[in-house]
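Beneath this line is the structure, given in structure tokens, with notes to follow.
In the working numbering, the protein residues as written are 383 to 1149.
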């Protein structure tokens, strides 16, 4: 007992020494920061006093410009230094609360034993050479996650360093106090993980680097292949690991990679907000984030685009619609790699002919007719890519507009507008000429008149130049429609190709682009007029990748050919029918692909995981984590009593202290109904596709907006067989696995049949 106490005392002494060093470094930064801040304020205040301004002749002007540049560079350097000190201070303040969370004692072969403490960021002593704490992303820290006691190694530029881990310890430090310490073996100790997972769900995802598991660490540090595909069961920590991977890559390639070179595709705006604090917690700036909807929509100006959630709602609720069967076929075919192949064939044909243009109109009269543009396009080298030919056509049109400026200068319409000019405009022209005319002939009325005429013509022609630069002279919609009307693909087509084309045309004629068509149209647009996508992106992370179609993935890999990808998803949660058989998690293969599978579910209690395994599409691949809780409840009722039972269960969750409660519905229509019924009785927040923040309390939302989110307690209000059918198995599984601690399922009818596949011992029934 005495040895254990003395060991803890030794650790507490060491902790106080580290905290003292942090405090000392903070004081030094405060002093430096204050001096630099005063210097910045002085430079800003006296900027022009310290610059020699002389514009008498060319030499003096050059000297003045050099003086201004020197002063600006000095100010910029001081502001940059102040920013760096602020970043260092933020890092120290993070460490002050909990300087480290782990320790390994490592004995390199032939060397003495070394104590290695691991935390969120590195900390050295005043010399700058001795590490008091190693950043969790450092190569030496990888041993903490990858090895137990015994032989271990870590990579360096000179090869692997090998030795033995003699001790592996975890710490629980809060507000600078050592609350506990645990010696552990092969994996990160369950005590710390139990504590992290047993608390309340947060409205923002938290990064818990102290509990990274070995398989998650493989995801974080992988760098070998272009594509990293992570199949992770619900609650396996794949999203958190991916964001920690971002932090690792930014640390590992600090000089060549920054947050602007990385892009995260989120499933919806709510999720984007939910994960927004993870990277700042790790001391990194947030990377660029978007949704695939936003990415596609950037190319589509004249049509309203259906959202993926509107498409989903249609599929789930509109079976009685007369177009339902053809729409389902349309979704499947337009989402396929086969349709991309047809588009590629059509684009190849368009290299020679077929592009449709709009007249370029000047003063209500055609200036360049569409037929003239088509003729110029057809005259170009047939081997040139479409984009190159479009660029040449654009240059030709712009040259013609520059000639038009000179040609129109002395036309009657210009003279008429000249006579109508205000005195203020004429006075402005006079002063402008006075400033620019070195020959001092600004009293020349001819020069003044020409200037005014040029200005009048410029105002009329400039919008045309901008229009040409924006390529609005091209009729992309009409050109795309031609694919569906006046052109026949060579390859095999669906039997109902004509019906699919007619459906698409009807939608576009109404100013509407279905979600499945939007990807195809955006790709088509990029191939003709060039992509506006950020070419500096070097790494893309796609969350919920199982919901991406074959066409969507092919589009992204085509437009970012030199970019590395991390794809995260779960085949058990593939909620879009057209992606289930052909999603990138199962189909992407080859030498450039690395696959990692995360089988253990940490989010939910053991009881909830055991229950959902019974009906999950691939339940045998799911492993449970030993965190105990209550059995899921299955409550039978009827339609009349359903809402009252839902309200009662929510109130019970609140009474038990649960802060985030998800009322997870199959559809938006169901969520709308429950919001109307419950809002007079209980405080609720309805989440829709426009929602940008996840709040505490009771949230009512459709399953497809709950992706990636977790709640303390989840209530499913209707699990009857009329609501959940076989094709909805993944939807139901997704809904159930949002729950961390409690799951209640209500049935106002006859239970959905796949609940019969759940182990009867894995739930309790009631009413």
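Quick reminder that beta carbons are idealized off the backbone N, C-alpha and C, glycines included. Quantities reported herein were computed from a predicted structural model and do not represent experimental measurements.
Smallest Cα separation from residue i: which of the options?
i	options	result
residue 837	790, 872, 887 and 854	790
residue 756	725, 855 and 673	855
residue 982	519, 484, 594 and 876	594
residue 873	785, 795, 781 and 728	728
residue 992	1039, 884, 615 and 848	615
residue 340	987, 999 and 1015	Since the first residue of the chain shown is 383 and the last is 1149, residue 340 is not available in this structure.
residue 1154	945, 769, 732 and 853	For the chain, the structure presents residues 383 to 1149; residue 1154 sits outside this window and is missing.
residue 734	769, 780 and 407	769
residue 849	744, 1018 and 495	744
residue 781	737, 717 and 847	847
residue 721	746, 607 and 876	876
residue 474	491, 525 and 412	412
residue 652	1099, 1088 and 1110	1088
Output needed for residue i: all residues of its chain with C-beta closer than 7 Å, excluding positions within five of it in sequence on either side, in chain order.
i	result
residue 928	951, 952, 953, 955, 956, 961, 965 and 967
residue 522	498, 516 and 536
residue 684	859
residue 1020	1130
residue 994	1115, 1118 and 1119
What residue range is occupied by the uninterrupted alpha helix (DSSP H) comprising residue i?
i	result
residue 796	794 to 801
residue 719	719 to 732
residue 556	Premise fails: residue 556 lies in the beta strand (DSSP E), 541 to 556, not in any alpha helix (DSSP H).
residue 739	It is not in any alpha helix (DSSP H) - residue 739 carries neither H nor E in the DSSP assignment.
residue 671	From DSSP, residue 671 is part of no alpha helix (DSSP H) but of the beta strand (DSSP E) over 670 to 673.
residue 1007	Counting along the chain, residue 1007 falls outside any alpha helix (DSSP H), and DSSP gives it neither H nor E.
residue 939	932 to 941
Rounded to the nearest angstrom, what separates residue i and residue j at their Cα positions?
i	j	result
residue 1139	residue 1001	11 Å
residue 774	residue 538	51 Å
residue 633	residue 512	20 Å
residue 1022	residue 1056	13 Å
residue 989	residue 1147	14 Å
residue 1073	residue 1067	10 Å
residue 696	residue 904	22 Å
residue 546	residue 520	18 Å
residue 831	residue 797	10 Å
residue 752	residue 1097	60 Å
residue 558	residue 400	10 Å
residue 510	residue 504	11 Å
residue 895	residue 686	6 Å
residue 711	residue 793	58 Å
residue 611	residue 923	10 Å
residue 664	residue 479	14 Å
residue 715	residue 868	20 Å
residue 470	residue 518	17 Å
Taking the beta strand (DSSP E) that residue i belongs to, which residues open and close that run?
i	result
residue 533	532 to 538
residue 485	484 to 490
residue 1129	1121 to 1129
residue 1018	1015 to 1018
residue 499	495 to 501
residue 1192	Past the boundaries of the shown model lies residue 1192; the chain is included only from 383 to 1149, so the question cannot be answered.
residue 563	559 to 565
residue 748	747 to 750
residue 516	513 to 517
residue 698	Where residue 698 is concerned, there is no enclosing beta strand (DSSP E), although the alpha helix (DSSP H) it sits in stretches over 690 to 699.
Is the CB-CB distance between residue i and residue j below 7 Å?
i	j	result
residue 1091	residue 1113	no
residue 605	residue 641	no
residue 898	residue 1127	no
residue 660	residue 625	yes
residue 671	residue 648	yes
residue 933	residue 901	yes
residue 650	residue 918	no
residue 1078	residue 1041	yes
residue 613	residue 979	yes
residue 669	residue 630	no
residue 708	residue 885	yes
residue 1120	residue 1093	yes
residue 1011	residue 1123	yes
Using a Cβ cut-off of 7 Å (strictly closer), state whether residue i contacts chain D.
i	result
residue 885	In summary, chain D is missing from the structure at hand, where a single protein chain is found.
Counting only the same chain and skipping the five closest in sequence on each side, list residues whose C-beta sits under 6 Å from that of residue i.
i	result
residue 1024	1130
residue 787	839 and 843
residue 598	619 and 623
Excluding the 5 residues preceding and the 5 following residue i in the sequence, name in chain order all residues of the same chain whose CB lies nearer than 8 Å to its CB.
i	result
residue 639	631, 632, 920 and 921
CB of residue i to nearest heavy atom of the ligand PLP: below 6 Å?
i	result
residue 640	Of ligands this structure carries none, so the ligand PLP is not represented either.
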